[in-house]
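Working notes, beginning with the structure itself.
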Ligand code: MIG
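Residue numbers (our numbering): 66 to 792.
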């Protein structure tokens with residue numbers, strides 16, 4: 066069946082019985098009559114589609130210049146061409162270049178080239194099972210997509226990259242909007258294991274005069290890793306502790322895991338069993354897997370009643386004053402299943418006295434490693450989905466999505482006006498309306514700073530705006546230099562969370578010596594100064610369905626722009642050129658049009674950041690360890706507020722800024738209450754800053770909430786002047 070949405074250039078194809086994952090919310094699709102269908106087929110569906118043994122293969126051609134964007138959370142560059150990816154949510158702790166799947170399934174991609182700017186194509190496959198994407202890997206000029214089913218929906222878009230993203234994002238609805246304080250700095254570690262440690266961390270921020278809005282609680286706050294419990298031994302009188310921390314403007318963000326511990330007397334376990342809310346095995350009994358607490362059952366998040374039940378459990382912690390959570394291990398990660406473990410142990414016993422040669426030894430190793438996250442286990446688990454018993458494997462990619470949906474829906478029944486903080490590790494595009502994502506277990510590697518840069522636009526394309534990586538890296542140890550450079554990039558990412566793993570070097574800003582702490586403090590304070598701007602760009606992108614971070618090619622048609630992989634456009638104003646290599650005190654950049662080069666050090670020295678106007682072309686820029694290099698686009702500006710110790714105290718009404726003017730500038734600053742859903746009803750403010758020229762003189766007009774503004778204006782001929790505005 067083919068249908069078209071008249072308002073948007075989107076064609077929908079229902080293949081087989083179709084599948085809906087509750088991802089596409091909007092759109093009015095009208096079924097096409099046969100003759101129209103033919104026309105549309107020629108225009109939109111320029112690919113071959115073949116069914117083969119229960120699978121569907123889609124083959125399309127690539128031109129030499131085509132780039133491929135999309136696929137959200139994945140390894141490798143922004144341009145996805147030249148590798149193979151698999152949508153199969155995986156607890157993958159090694160984000161090395163060979164990984165075909167990470168934690169997410171983001172089945173949207175676009176193909177286009179500078180040659181045919183307005184004629185890019187976009188594809189979204191609405192499906193919950195496994196999909197393989199050969200993106201010009203086995204054959205340079207072909208995309209081959211293999212969907213492990215004949216039942217799915219396919220949406221095809223036409224237009225420029227920008228248009229397609231906007232159309233797609235309109236269809237999936239507004240993205241998750243966190244409370245504004247979530248734009249502040251957040252500190253985390255696996256784990257801050259008791260009250261005293263958390264207090265000491267909070268004290269560290271206070272003593273060292275570094276702002277912070279949240280501390281995350283990893284698994285050890287729980288009692289025996291049981292969801293929705295709090296260890297009495299380590300976090301007694303939790304409610305008062307939450308209060309005490311809040312009085313120091315720090316919110317606590319507990320982790321919730323997907324598996325529910327099997328334990329007599331644990332009410333979540335007992336209720337789940339009684340109500341039949343857990344995933345089942347082939348015999349219909351609750352499926353047993355093992356994760357943190359040992360044996361667990363997985364709630365059947367695909368069953369709306371189970372979802373409602375699990376979602377309401379979050380209320381327990383909300384009642385204690387908690388404002389948000391991070392949902393982990395929801396691919397779902399399985400350490401082992403009983404059967405898998407037994408089979409492995411048996412195999413080892415059988416071969417106890419063997420002479421293990423290379424092949425048998427490797428087999429043993431594979432068997433042992435294969436105990437975790439084994440496909441066989443996924444295939445022996447069942448859901449109740451749309452009233453039918455469905456094998457987990459066929460809907461695997463909807464699990465984390467629906468866990469997090471359960472949380473979000475649970476929040477709404479608790480308080481439907483308040484914005485809660487929510488992150489998830491596993492995701493599907495359908496989840497973008499429910500939560501943000503952190504980018505999983507990266508390493509303290511320069512390569513992963515680069516990956517963080519490249520993932521930002523890919524995630525924005527598929528609707529994830531509230532995102533960032535573990536700043537400094539999760540696994541391995543961060544050097545002072547990596548930490549410094551990473552902070553300079555995270556300075557701009559909506560989620561700015563420093564997180565690291567158990568057994569690793571402590572990574573709080575004061576763990577790297579005095580000089581580094583001073584740099585980190587300046588950068589984090591700059592972050593708070595940037596909050597009004599960042600929040601505004603985030604919300605504008607969210608309301609418009611546009612990108613907060615985009616590749617240069619979204620705005621610039623030159624073939625060079627299509628090549629650039631480590632520079633990003635931020636909103637309409639900035640081009641970020643982060644340093645992402647060890648020992649580098651500079652880097653090469655491509656400047657696509659006249660831009661103003663600045664190097665930020667601190668809020669106080671903001672006006673001294675101005676360097677030079679660069680002409681279109683390739684350049685080398687220098688940046689010392691304490692300098693964040695970036696560019697302001699022509700006829701654009703960047704504004705800062707005065708830093709504060711928490712986001713709530715940052716005053717977006719008093720600003721200073723740098724403007725690079727050629728003809729004139731119009732800039733909107735979005736603001737709202739930052740804590741409720743009122744923005745959805747249009748309750749927000751746009752303040753405007755307008756600069757225009759009259760007889761070669763620059764005039765400034767300010768409207769809205771801004772009360773004072775000090776602007777350093779850089780003219781194209783390098784002339785500088787400062788203009789003040791006061792209401
Ligand atoms: O397998 O809860 O991605 O952020 O610290 C490790 C412990 C389980 C994985 C998460 C990470 C978290 C960790 N978890």
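Quick reminder that beta carbons are idealized off the backbone N, C-alpha and C, glycines included.
So, with DSSP's three-state summary, where would you put residue i?
| i | result |
| --- | --- |
| residue 708 | coil |
| residue 167 | coil |
| residue 722 | strand |
| residue 441 | helix |
| residue 702 | strand |
| residue 778 | strand |
| residue 643 | coil |
| residue 489 | strand |
| residue 110 | coil |
| residue 764 | strand |
| residue 682 | strand |
| residue 738 | coil |
| residue 630 | coil |
| residue 673 | helix |
| residue 690 | coil |
| residue 800 | Because the chain spans 66 through 792 in this model, residue 800 falls outside it and cannot be assessed. |
| residue 456 | strand |
| residue 494 | helix |
| residue 609 | helix |
| residue 789 | strand |
| residue 176 | strand |
| residue 510 | coil |
| residue 424 | helix |
So is the beta-carbon of residue i under 6 Å away from any non-hydrogen atom of the ligand ADP?
| i | result |
| --- | --- |
| residue 297 | Looking at this structure, you won't find the ligand ADP anywhere; what it does contain is the ligand MIG. |
Please say whether residue j and residue i have beta carbons closer to each other than 7 Å?
| i | j | result |
| --- | --- | --- |
| residue 756 | residue 763 | yes |
| residue 468 | residue 395 | yes |
| residue 172 | residue 152 | yes |
| residue 248 | residue 712 | yes |
| residue 446 | residue 352 | yes |
| residue 732 | residue 696 | no |
| residue 156 | residue 398 | yes |
| residue 325 | residue 292 | yes |
| residue 389 | residue 487 | yes |
| residue 222 | residue 232 | yes |
| residue 463 | residue 238 | no |
| residue 559 | residue 179 | no |
| residue 706 | residue 597 | yes |
| residue 621 | residue 653 | no |
| residue 242 | residue 392 | no |
| residue 614 | residue 525 | yes |
| residue 94 | residue 122 | no |
| residue 527 | residue 494 | yes |
On a Cα-Cα basis, can you pick out the residue from the options that is closest to residue i?
| i | options | result |
| --- | --- | --- |
| residue 567 | 93, 285, 251, 233 | 285 |
| residue 294 | 366, 333, 467 | 333 |
| residue 710 | 610, 85, 593 | 593 |
| residue 456 | 345, 486, 385 | 345 |
| residue 118 | 141, 214, 132, 418 | 214 |
| residue 116 | 109, 617, 81, 87 | 81 |
| residue 582 | 128, 550, 326 | 550 |
| residue 409 | 100, 749, 675, 435 | 435 |
| residue 516 | 416, 479, 633, 698 | 633 |
| residue 465 | 364, 243, 359, 131 | 364 |
| residue 503 | 448, 546, 561, 279 | 561 |
| residue 101 | 670, 369, 68 | 68 |
| residue 523 | 630, 700, 720 | 630 |
| residue 319 | 302, 347, 382, 355 | 382 |
| residue 789 | 751, 752, 759, 723 | 723 |
| residue 479 | 384, 459, 280, 677 | 384 |
| residue 170 | 161, 229, 196, 759 | 196 |
| residue 616 | 106, 534, 673, 521 | 521 |
| residue 162 | 444, 413, 471, 507 | 507 |
| residue 251 | 316, 210, 327 | 316 |
Does residue i get closer than 7 Å to chain C when you measure Cβ to Cβ?
| i | result |
| --- | --- |
| residue 287 | No chain C is present in this structure, which holds just one protein chain. |
May I have a chain-ordered list of the alpha helix (DSSP H) segments no shorter than 4 residues that lie completely inside the stretch 281-358? 303-312, 332-340
Just to confirm the assignment: which complete alpha helix (DSSP H) runs, minimum length 4, are found wholly within the stretch 206-273? 226-237, 260-272
Could you tell me which whole alpha helix (DSSP H) segments of length 4 or greater appear in the stretch 369-418? Taking 4 residues as the shortest admissible run, the stretch 369-418 contains the following complete alpha helix (DSSP H) segments, listed from N- to C-terminal end: 369-378, 380-383, 403-415.
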